Structure formats: C-alpha cells, structure tokens
Amino acid sequence: MPSMPNRLHIALTSMMAGWFRLSILPLLVLGMFQPGRAEQVLQVPEGADLQQALDRARPGDTILLRPGARYIGNFVLPKKEGSQYITVRTADVNGQPAMGMRVHPSHESKLAKIGSPNGQPALRTAAGAHHWRIQVLEFLPNRNGAGDIITLGDAAERDLNQVPHDLIVDRCYIHGDPALGQKRGIALNSGTTVIRGSYISDMKVRGQDAQAIAGWNGPGPYTIENNYLEAAGNNFMLGGADPAIRGLVTENVTFRKNHLSKPVAWRGQGWTVKNLFELKNARKVLVEGNVMEYSWLDAQVGYAVLFTPRNQDGGAPWATVEDVTFRYNIVRHAGGGMQILGNDTIHPSGPTRRVLVAHNVFYDINSATWGGTGAFVLIGEGPSEVTIEHNTVSQSGNILMAFGGTRAKAIPISGFRFRDNLVKHNEYGVHGSDRSPGQDSLDWYFPGAQFQSNGIAGGDARRYPQGNAFLSEAEFEAQFVAPGAGDFRLKPDSRFRGAASDKKDLGADLSALAAALGIRPGTAFQ
C-alpha cells in the first residue's frame, strides 16, 4: 500500500493533469491525514466515470456531481459492507432546494443530470445493496420513454435476503419527455425506502400503464412524503404484478403530504389514463395529508382511489389489502371518489378488510365533467370491517354503489359503518345491483351495517335508517361558508355543528385536515 506522502503526491499529480479528464479525483476530507480510513468526498466532473466512483465509495462517503453536468449511463448501486449511508448528490450551489423542501423543475439548472442512453434504468440497485442516499439530482427520460428511470430492487428477485434496503431518494427531479412520455419514474421493489421532496412528472404512455411510483416485489417499509407525483396510468400503485417472493405483501407504508395530479391537457391526447392511487397488495398503510386530483373516464371509469386486491396473473393467491387508514386528504376533480373491492374477481385472492376512511374532503366528483359514475364509493365482492366516517363529500352520483353475488344471494359486506358524513343523495343514494335504494340495498349488501348520524342533501328519509338528517340541497349548501369556492367550513350557526355521534361536527375536521396538509386553517381547498 502506498505511503501517505506517496498518496498525496499521486493526488497532486492528478490535479495538475487536469480536472476534466475522464477519471474521477477523490478529495479526501473530514480528517484526510488522520490514521485509519476517514469518510471521503469524491468529486466527479462531467465526462468522468461515475460508475467507478460508485464502485470505489465506502460507507459514509459522499459522491459530488457538478451542477448542470450530464452523466449518461446505466449506473448500478453496488452492495457494500457497513451501515453508514453513501450519498450521491449534486454539489452545493445557491438556489438548490433545502432539506425539507420539495424540488421543482425551476431548480433544473442547479442540478446534476443522470440519464440512460437506452431503455434500461439510468440507476438501479444491485442485489443486496443498502444504505444509499440519492439526493438533489435530475433524472432524464430514457430513450423513447421506455422502461423505468430508477429501479430500486429487482422485480424478479425471489430471495427476501437479497432485496436492497435502506435507500433514500431525496429532492430528485425525475421526468419523462413532454412529447414521448415515460413508462415509469421509480420501480419500488426494495426494503426500507424513503422517497421524499421529489418531483416526478410526464409519466405517460399510450397503450399501457405508466406510473410515477409503482412497486410489487418489495416488502417495505416505505415512507413516501412531500412529493409531486404525475402519471397517466397510476400516480402511485402497490401491486399490479405477482410478486416473485412467495407470500410477499408490502407492509408498513406511510404516504403523506404528496400531491398527485394529471394535467387536464392530457385529456384526448391518447395517453392511457386510469387512477391516482391504488393498492392491490398491501398491508398497514397510512395515507394522510395528500392532495389527489384529476382522474377521468378513459381506460378506467375515473375513480380516484382504489383498494382492490389482485392476484394479478394467478400466482399470488395471498394478495390482500388490509389495515388501511385513509384520512385528512383532499380528493377532487374526478369521475368517482373511491372503489373498494373485497376480493379479486378473476383469480383467488386474500380479502380487503379493516379499512378506515375518515376526515377527508371529496369534491367535484362529477360525472358530467369527468365521465364515470360520479359516485362517492363503489363497493363490492365482500370487503369487511370498512368504516367511512367524518367525510365531507360533494358528488354528482350515488353515495354508495354496491355489487357482488347473484340475484338470489349477495356477497355480504360485513362490519360496515357509515356515519357522521356530509354527502349528497342525488338520484339513488345508497343503491345495490338489483335492489331498491336505501334500506333495501343496505339490508341486502350490508347486513348489520351502521348507517347513522349523516347529513344528507336530498333523498327520502323514509327509505333509510333513523338517525340521519335529510335536508334540501339548498339548505345543505347553506351550511357551508363557500362550498363553490372550496371552503367547506361550517357556518357558526350550522345545524351540523356538534351533531355527530361523537358530539363533534359532522363531516371532516377541517382544522386537523389543514394541519395534515401543512396549510393555514381556514384556507379554501382550491
């Protein structure tokens, strides 16, 4: 091994030979000349070998890329020994987003750029890779928008012990081509992973599904926080293909303070459009403080949120959706609110059970504007222990649309609770296939259901259980400060104040919702 003076001589000689040669120049900092190995900073100029830097880096090191420089290749994060993070990031420069902020396309000139020269990922993990932090970078579209831009984990991995884990994607701008689109931003098939402060856009494809983030062969846990996620197919999805790891269900997911959207300009352009948020195989999921907007009739009927267990290709009969909390979210501008499916309708699957939908605002759920049914919730095939409470809803279609079973026997939706909501009845209210609206549908599809303490605009109280308030649509609208402007606060004299079964106000707790969103209480939700 070279002596310390020799190593210093080598470094100085390399510097004098020119910073921009096609090799990296590690600058050793944080105790460069102290005994033992110190953490290093590896500066990688444009045109240098980024993969060499990734291979050479050791736990605790930082790899710095030049702002505005391009690094083109199919880079791999290798497996290293040790539990300190290796950080790959753009070198500091004024104007970059600070920790806790969300990156934006306007930061583009301040970011180093990583791109694939083909349809393979620009960045992927090796088997068993761990403790990598990818920070403050721009990821360019793949050639012709094919494949995944970033792949965390291997969709074909069968050994849970080989799944990459302890990965962070922080404040990264990941985008497709505005004209050609992109199949997927991040394929999420890893273990412990955090994606935060990032901006993923222009994920759109014709004839197949595109996603900002999608995972189907990763165990979790995941924290997805404070991101902008834009995709035509599914903005975020777990499941959608059978996991290669037998028995795998993605668990312990926190999805918080994200903005999910589809540009309205995409309507009529031929992109395959489905929904905003979908769980097909997941357990212990918290969805809190998000804005989800713009989902219209296209390849699906326009529902914004779907909880639908899917044994997609017949090889995962354990697939399930259970222990899901969906609270303090805004869902708007869609052809339907939420779809809850109890079991896969094609292949055997596990059930949907223990779902809580609480303190959300759903508005502009409108079939005339966005196509679809305009319903608040489509529910069927026997989910169990579903509670829908304290939601404020403005929709053009049914409150509940139920289905499942035959004319002779329904598949029961057991343990169902619908209480303390503010919602419009419209023509059919609670309606199941081949049944009459109201109590008849509740008895047939929701035996033993609790349906009480709701404030309902329109409808006939005689068709429903006692303990609900039925108002004219005009009187219902008059309870809010300015519903047409997105202000669903109750007026001081509203009859809905203190009218809930828990003695609180009917509908969503808008102060708590604003806190979850990180906005000022009383702000109109526009």
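Numbered per this note's numbering, the sequence shown spans residues 6 to 531.
By construction, the Cβ of each residue, glycine as well, lies at the ideal position given by its N, Cα and C atoms.
Here the structure is a predicted model, which is why all the values come from computation and not from measurement.
Report the CB separation of residue i from residue j in whole angstroms; it is logged as a contact under 8 Å.
i, j, result
"V141", "R107", "Contact doesn't hold; Cβ gap of about 12 Å is too wide."
"I139", "V93", "5 Å"
"G152", "G124", "4 Å"
"I335", "V278", "The Cβ separation is near 20 Å, so there is no contact."
"Q400", "F381", "5 Å"
"I416", "E386", "6 Å"
"K285", "T313", "6 Å"
"G341", "G379", "7 Å"
"S114", "G73", "6 Å"
Pick from the options: whose alpha carbon is nearest that of residue i?
i, options, result
"A520", "W449, G420, H364 and N371", "H364"
"V174", "G105, K508 and G212", "G105"
"S111", "E143, L383, R424 and F80", "E143"
"D303", "K285, T374, D328 and P314", "T374"
"A132", "P146, T156, L145 and R148", "T156"
"V360", "V326, W449 and P169", "V326"
"A127", "Q101, R75 and K115", "R75"
"K85", "P169, V46 and K115", "P169"
"P322", "S389, S372, R272 and R251", "R251"
"L522", "N99, V366 and A505", "V366"
"V290", "R261, H109 and G120", "R261"
"S419", "R129, V210, G491 and P388", "P388"
"T392", "L405, V362 and A246", "V362"
"N231", "V254, I200 and G225", "I200"
"F530", "G491, I524 and D247", "G491"
"L234", "A43, I191 and R502", "I191"
"F485", "T397, G181 and A309", "T397"
Using the Cα positions of residue i and residue j, report the straight-line distance between them to the nearest angstrom.
i, j, result
"G489", "Y368", "10 Å"
"G434", "L265", "28 Å"
"F241", "V49", "33 Å"
"A487", "V428", "16 Å"
"F456", "P497", "26 Å"
"P83", "D60", "7 Å"
"A287", "N147", "29 Å"
"L145", "H352", "38 Å"
"G377", "G402", "9 Å"
"E256", "L55", "34 Å"
"I384", "A413", "19 Å"
"Y204", "Y450", "42 Å"
"P452", "D66", "60 Å"
"S516", "H395", "13 Å"
"G87", "S506", "53 Å"
"E293", "R332", "5 Å"
"N431", "F282", "26 Å"
"R163", "V258", "21 Å"
"W137", "A217", "21 Å"
"G150", "Q317", "25 Å"
"Q187", "N239", "13 Å"
"G320", "F408", "26 Å"
"V119", "F80", "The sequence given here has Ile at residue 119, not Val. Each residue's alpha carbon lies about 9 Å from the other."
"G512", "G307", "24 Å"
"G52", "L69", "13 Å"
"G244", "E298", "21 Å"
"A58", "I179", "22 Å"
Could you tell me if residue i is buried or exposed, where buried requires 16 or more neighbouring beta carbons within 10 angstroms of its beta carbon?
i, result
"T198", "buried"
"P122", "exposed"
"N166", "exposed"
"A479", "exposed"
"D97", "exposed"
"I350", "Per the sequence shown, the amino acid found at residue 350 is Thr instead of Ile. By the 10 Å Cβ count, T350 comes out exposed."
"V269", "exposed"
"P442", "buried"
"A103", "exposed"
"Q274", "exposed"
"D465", "exposed"
"G347", "buried"
"Q344", "buried"
"P526", "exposed"
"D439", "exposed"
"N280", "buried"
"K509", "exposed"
"T411", "exposed"
"S300", "buried"
"A184", "exposed"
"N263", "buried"
Entirely enclosed beta strand (DSSP E) segments - the stretch 281-340, minimum 3 residues: 287-293, 296-300, 308-312, 326-332 and 335-339
Going along the chain, which unbroken runs of the beta strand (DSSP E) with 3 or more residues stay wholly within the stretch 330-395? 335-339, 341-346, 357-363, 366-370, 382-385 and 389-394
Counting only runs of 4+ residues fully inside the stretch 399-468, write out the alpha helix (DSSP H) ranges in chain order. 444-450
To test your reading of the DSSP string, which unbroken alpha helix (DSSP H) runs of 4 or more residues are found completely within the stretch 38-97? 55-61
Taking only runs of the alpha helix (DSSP H) that begin and end inside the stretch 212-253, which ones reach a length of at least 4 residues, in chain order? none
Please specify which runs of the beta strand (DSSP E), each continuous and at least 3 residues long, are wholly inside the stretch 124-148, giving them in chain order. 128-130, 135-140 and 142-144
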